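If you want this note's numbering, it's the 1-based position in the sequence shown plus 5. Read the structure below first, then the notes.
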Amino acid sequence: MSKAWRERLADARLSRQQANRWRTRRVMEVSALDFAGNDYLGLAQDPRVSEAQAEGARRYGAGAGASHLVSGHLAVHDALEDALARWTGRERALLFSTGYMANLGVLQALADRHTAIFQDRLNHASLIDGAALSGARSRRFHHCDTSDLKNLLGRSEYAHKLVVSDGVFSMDGDIADIASLVSVSQRHNAWLMIDDAHGVGVLGDNGSGCVGSALSSAEVPILVGTLGKALGTAGAFVAGDAELIDHLIQFSRSYIYTTAQPPAIAAATLKALEIVQGEPEYRAKLNANITYFRHEALGLGLPFSESATPIQPLILGDETRTLRWASQLHHQGIQVGSIRPPTVPKGEARLRITLSARHQQGDIDQLLAALNHCQHQEALCSPCV
Ligand SMILES: *Cc1c(COP(=O)(O)O)cnc(C)c1O
Numbered sequence: 006m007s008k009a010w011r012e013r014l015a016d017a018r019l020s021r022q023q024a025n026r027w028r029t030r031r032v033m034e035v036s037a038l039d040f041a042g043n044d045y046l047g048l049a050q051d052p053r054v055s056e057a058q059a060e061g062a063r064r065y066g067a068g069a070g071a072s073h074l075v076s077g078h079l080a081v082h083d084a085l086e087d088a089l090a091r092w093t094g095r096e097r098a099l100l101f102s103t104g105y106m107a108n109l110g111v112l113q114a115l116a117d118r119h120t121a122i123f124q125d126r127l128n129h130a131s132l133i134d135g136a137a138l139s140g141a142r143s144r145r146f147h148h149c150d151t152s153d154l155k156n157l158l159g160r161s162e163y164a165h166k167l168v169v170s171d172g173v174f175s176m177d178g179d180i181a182d183i184a185s186l187v188s189v190s191q192r193h194n195a196w197l198m199i200d201d202a203h204g205v206g207v208l209g210d211n212g213s214g215c216v217g218s219a220l221s222s223a224e225v226p227i228l229v230g231t232l233g234k235a236l237g238t239a240g241a242f243v244a245g246d247a248e249l250i251d252h253l254i255q256f257s258r259s260y261i262y263t264t265a266q267p268p269a270i271a272a273a274t275l276k277a278l279e280i281v282q283g284e285p286e287y288r289a290k291l292n293a294n295i296t297y298f299r300h301e302a303l304g305l306g307l308p309f310s311e312s313a314t315p316i317q318p319l320i321l322g323d324e325t326r327t328l329r330w331a332s333q334l335h336h337q338g339i340q341v342g343s344i345r346p347p348t349v350p351k352g353e354a355r356l357r358i359t360l361s362a363r364h365q366q367g368d369i370d371q372l373l374a375a376l377n378h379c380q381h382q383e384a385l386c387s388p389c390v
């Protein structure tokens, strides 16, 4: 490596380390209690889903072998797209290899420098990156603040306006006020895109998310869902009218120029979707876990933010404190997310705790005891924090 490059990397490393923001990967121990992941229904570990994947691999092979537009689009992809469209009450759905790529692909295909994109300040990084890639004029509105959005829309002179929001916010667990986003967008002639990565499988009557079948494509024309979270597999989809899907197939570069999702993953996802739709008891168990956890945690005086979803943030403020709590939990065999800037705003570092239908009450009790221990240790030694 040349000296100039070595210095550049060393500078970046140093400033990140000094801010206590250096990220490390931990090899997840099978025995650890996982309160960090997004497998909200436990389907990533469900033997029926793994078996469908194994069967899919035996039948179709290990990979798709080409992109969807060349020769990688198989009947099982088509069947999954149909099932996702029916589930969300849309005309069509289109599979992408990841949620990150779906968001990049949608924004790049729909927006250009003659478009204005309005995003919630706490939207997922893939939406922010997609807007940048599209070259559109990008504005951010205050988190869940539709009157701020209304002002920005009112002042915009762009003919094409696109409002974009997470459905469930990935680091906070709160849910966007979709009804009010719909009405503001319609009043200002803007299209609305909702990324419901953490809502699909979890929220809504049939698990189809916070938009799903409850709101039509006239209200939410662009719906994105991911398959790697509650559905337990990998990949993502965009659901909407046939016109939208046709446009994406033609113009979405992250759809066109990439190998199709392995067909075995599509087969596994079909099985996961069947379970989500046919066995509401998984959602019931998840919700019972959320209720139990919140009741007990608030009883212990732990300052959890308001959240009715599996994402339960404990905002601790600074990076050092967050790392200290996470490491204490880790020593007790409990894995939680320690989320620091730039993923969240400065001063809002947090533990991101996630619940799953797979957790037993005893698991949750262990987590609560460990959190309570952190809290007490800190109180004992308050001059040193
Ligand atoms: C996780 C996530 C994505 C990215 O999905 P992947 O399939 O993991 O790439 C997109 N949007 C939101 C809101 C997410 O939480």
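Think of the CB as a built atom: it goes at the ideal place given N, C-alpha and C, for glycine as much as any other residue. This structure is a prediction, so every number in the text was calculated from the model and none was measured.
Considering only heavy atoms of ligand 1, does any lie closer than 6 Å to the CB of A202? By 1-based counting over the sequence shown, the position of residue 202 is 197. Indeed, a heavy atom of ligand 1 lies less than 6 Å from the Cβ.
Please list, in chain order, all residues of the same chain as A273 whose beta carbon is under 6 Å from its beta carbon, the five residues on each side excluded. By one-based count along the sequence shown, residue 273 stands at place 268. So the qualifying residues of the chain are V54, A57, Q58 and T238.
Inter-residue spacing [alpha-carbon to alpha-carbon] between E12 and L19: Here residue 12 refers to the residue found at position 7 when the sequence shown is read from its first residue. Here residue 19 refers to the residue found at position 14 when the sequence shown is read from its first residue. Whole-angstrom Cα-Cα distance: 10 Å.
Comparing the CB of T231 with every heavy atom of ligand 1, is any distance shorter than 6 Å? If you number the sequence shown from 1, residue 231 lands on position 226. Result yes, Cβ under 6 Å from ligand 1.
Buried or exposed, going by whether 16 or more other CB atoms sit within 10 Å of the CB of Y287? For the purposes of this step, residue 287 is identified with residue 282 of the sequence shown, where counting begins at 1. The residue in question, Y287, is buried, as its Cβ has 16 or more Cβ neighbours within 10 Å.
Please report how far the alpha carbon of V390 lies from the alpha carbon of A384, in whole angstroms. Indexing the sequence shown from 1 puts residue 390 at position 385. Indexing the sequence shown from 1 puts residue 384 at position 379. Only weak support exists for where V390 lies, its pLDDT of 47 falling under 50; the coordinates are left without a value.
Grouping DSSP H, G and I as helix and E and B as strand, with all else coil, what is G61? Against the sequence shown, residue 61 aligns to sequence position 56. Of the three classes helix, strand and coil, the one that applies to G61 here is helix, per DSSP.
C-alpha gap between Q191 and G77, whole angstroms: Taking the sequence shown and counting its residues from 1, the one referred to as residue 191 is at position 186. Taking the sequence shown and counting its residues from 1, the one referred to as residue 77 is at position 72. About 38 Å.
Run the proximity test for D39: is its beta-carbon closer than 6 Å to any non-hydrogen atom belonging to ligand 1? If you number the sequence shown from 1, residue 39 lands on position 34. It does not: the Cβ of D39 is nowhere closer than 6 Å to a heavy atom of ligand 1.
If you count every other CB in all the chains shown that lies within 10 Å of the CB of T120, and 16 or more means buried, which is it? Residue 120 sits at position 115 when you count from the first residue of the sequence shown. Classification for T120: buried.
Integer Cβ distance of L220 from I180, believed to fall under 8 Å: Working through the sequence shown from its first residue, we reach residue 220 at position 215. Working through the sequence shown from its first residue, we reach residue 180 at position 175. Their Cβ separation, rounded to whole angstroms, is 13 Å, which puts L220 and I180 out of contact at 8 Å.
Our contact map puts D125 next to H148 with C-beta atoms below 8 Å; I'd like the distance itself, whole angstroms only. Position 120 of the sequence shown holds residue 125. Position 143 of the sequence shown holds residue 148. Confirmed, Cβ separation roughly 6 Å.
Collapsed DSSP secondary structure at V390 in the structure displayed: Here the question's residue 390 lines up with position 385 in the sequence shown. Interpretation of V390 is limited by its pLDDT of 47, a score under 50 that renders its predicted location unreliable; no figure is taken from the coordinates.
Between Y45 and L291, how many whole angstroms is the CB-CB distance? I'm expecting something under 8 Å. Counting from one through the sequence shown, the residue named residue 45 turns up at place 40. Counting from one through the sequence shown, the residue named residue 291 turns up at place 286. Going by Cβ atoms, the distance from Y45 to L291 rounds to 6 Å, so yes, they are a contact pair.
S188 CB to nearest heavy atom of ligand 1 below 6 Å: The count along the sequence shown starts at 1 and reaches residue 188 at position 183. Answer for S188: no, Cβ out of range of ligand 1.
Closest by CA to G172, which one among E353, D201 and N156? Taking the first residue of the sequence shown as position 1, residue 172 is located at position 167. The shortest Cα separation from G172 among E353, D201 and N156 belongs to D201.
Let me check one thing: in DSSP terms, what residues is P315 bridge-paired to? The residue you call residue 315 lines up with position 310 of the sequence shown. According to DSSP, which records beta bridges pairwise, P315 is partnered with nothing at all.
Are the beta-carbon atoms belonging to V207 and A235 less than 7 Å from one another? Numbered from 1 along the sequence shown, position 202 holds the residue referred to as residue 207. Numbered from 1 along the sequence shown, position 230 holds the residue referred to as residue 235. Yes; because the gap between Cβ atoms is below 7 Å, this pair is in contact.
Which partner residues does G209 have in the DSSP bridge list? Within the sequence shown, residue 209 is the residue found at index 204, counting from 1. None; G209 has no bridge partner.
Given this structure, state the Cα-to-Cα distance separating V35 from L48, to the nearest angstrom. Here residue 35 refers to the residue found at position 30 of the sequence shown. Here residue 48 refers to the residue found at position 43 of the sequence shown. In a straight line, the C-alpha of V35 is about 16 Å away from that of L48.
Three-state secondary structure assigned by DSSP to A241: Counting from 1 along the sequence shown, the entry for residue 241 is found at position 236. Strand.
Could you tell me the distance, in whole angstroms, from the CA atom of G322 to the CA atom of Y65? As a position in the sequence shown, residue 322 is number 317, starting the count at 1. As a position in the sequence shown, residue 65 is number 60, starting the count at 1. Straight-line Cα distance between these residues: approximately 49 Å.
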